[in-house]
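Heads up: the structure comes next, in structure tokens.
Numbering (full-length UniProt numbering), first residue to last: 1 to 362.
See the structure below:
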């Protein structure tokens with residue numbers, strides 16, 4: 001049995017973290033998978049994300065203190081030795097630095113690193129750190145989207161880069177019953193309502209403010225479901241009140257069973273200012289829900305071009321027009337078929353497993 005250790009910055013609900021859990025589920029049972037979170041205490045981490053409960057024996061939290069920590073390097077080195085790690089897979093720059101140093105000190109380990117977005121490399125400090133970390137540990141570098149690979153090539157043009165696009169679990173995210181889903185969410189809507197949904201952190205970068213403002217231009221049959229929480233929740237609720245949209249904009253908070261959320265929708269909207277390679281659009285389409293999304297980061301790579309709409313900006317009026325257009329659009333193509341062909345989690349995991357053990361006598 002070979003041991004694969006994923007190292008992440010933290011384990012809280014998010015695209016990167018969900019992807020790692022999907023990798024755990026789809027990786028061959030011949031391998032042992034451990035997930036190490038640099039930040040957070042174990043009990044609190046499991047309490048804050050119920051999905052982690054079923055994997056509790058495979059999760060380790062280091063509860064790293066602020067600032068650079070030599071202790072974490074030692075902890076990782078000990079973990080790699082204790083579990084006789086064959087592969088270490090880091091995600092983002094913090095885990096790259098810490099696990100890269102620890103993996104370098106254990107020469108038997110194959111180190112793979114995935115970059116999930118590129119906008120953080122706009123900062124010169126991050127570029128210097130990334131260049132240092134790559135030169136030190138020399139991992140196999142993976143971009144999760146074509147736009148990420150292009151950005152990495154522009155900065156680290158001599159470094160070989162693989163592309164493995166994110167995938168989702170199509171058995172979990174599948175076609176469902178709309179009315180049953182709305183009943184489960186305890187949402188009472190007028191007959192013939194058109195329901196738009198958005199899921200994500202309620203933060204400025206996610207663009208929910210623009211989406212709420214778009215509803216000023218839409219008639220009363222349109223309703224908005226917002227799943228998630230964040231620092232902007234109170235501000236967004238005040239905005240809804242100011243625009244007298246209390247009966248049409250519904251804050252659902254954290255949703256434990258996301259397929260139910262998607263099943264309740266007529267369409268999904270992602271108005272973000274910045275994105276990497278979002279999973280939410282993949283999940284929605286796997287549930288048969290068409291998407292409207294702002295053309296940032298790798299978003300365009302996630303959309304079925306025949307059943308979804310990509311907008312050039314996330315201005316309120318642009319979003320409103322796209323929502324109305326989607327409402328009247330004849331659906332001749334299945335967004336789910338697009339996901340099954342291009343973004344199946346099993347295909348993603350197979351590609352990573354090939355990379356993990358490529359040319360290695362492990």
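Ideal Cβ placement from N, Cα and C applies to all residues, glycine included.
- Element boundaries [beta strand (DSSP E), containing residue 210]: Run containing residue 210: none in the beta strand (DSSP E); it sits in the alpha helix (DSSP H), 208-214.
- According to DSSP, is residue 68 helix, strand or coil? coil
- Query: Just how far apart, CA to CA, sit residue 173 and residue 290?
  - Reply: 14 Å
- Query: So what does DSSP say about residue 32, is it helix, strand or coil?
  - Reply: strand
- Is it buried or exposed for residue 4, if we count other Cβ within 10 angstroms and need 16 for buried? buried
- Tell me, please, whether the stretch 106-117 touches the stretch 87-97 by the rule of three or more beta-carbon pairs shorter than 8 Å. Contact between the stretch 106-117 and the stretch 87-97 is present, with at least three C-beta pairs closer than 8 Å.
- Own chain residues within Cβ distance below 6 Å of residue 142, not counting five before or after: 114, 162, 164
- Message: Considering only the alpha carbon of each residue, which of 67, 81, 122 lies closest to residue 97?
- Response: 67
- Message: Below 7 Å, is the gap between the Cβ of residue 226 and the nearest heavy atom of the ligand GDP?
- Response: Although the ligand GDP was asked about, the structure shown includes no ligands whatsoever.
- One or two residues paired with residue 90 in a DSSP bridge: 7, 113
- Item | Nearest-angstrom Cα separation, counted from residue 136 out to residue 53 | 35 Å
- Item | Assigned exposure category for residue 240 - 16 Cβ within 10 Å defines buried | Classified as buried, residue 240 has 16 or more neighbouring CB atoms from the shown chains inside 10 Å of its CB.
- Message: Output needed for residue 182: all residues of its chain with C-beta closer than 6 Å, excluding positions within five of it in sequence on either side, in chain order.
- Response: 264
- Burial state of residue 292 (16 or more Cβ within 10 Å): Answer is buried; the Cβ neighbour count reaches 16.
- Item | Simplified DSSP state of residue 18, which is helix, strand or coil | helix
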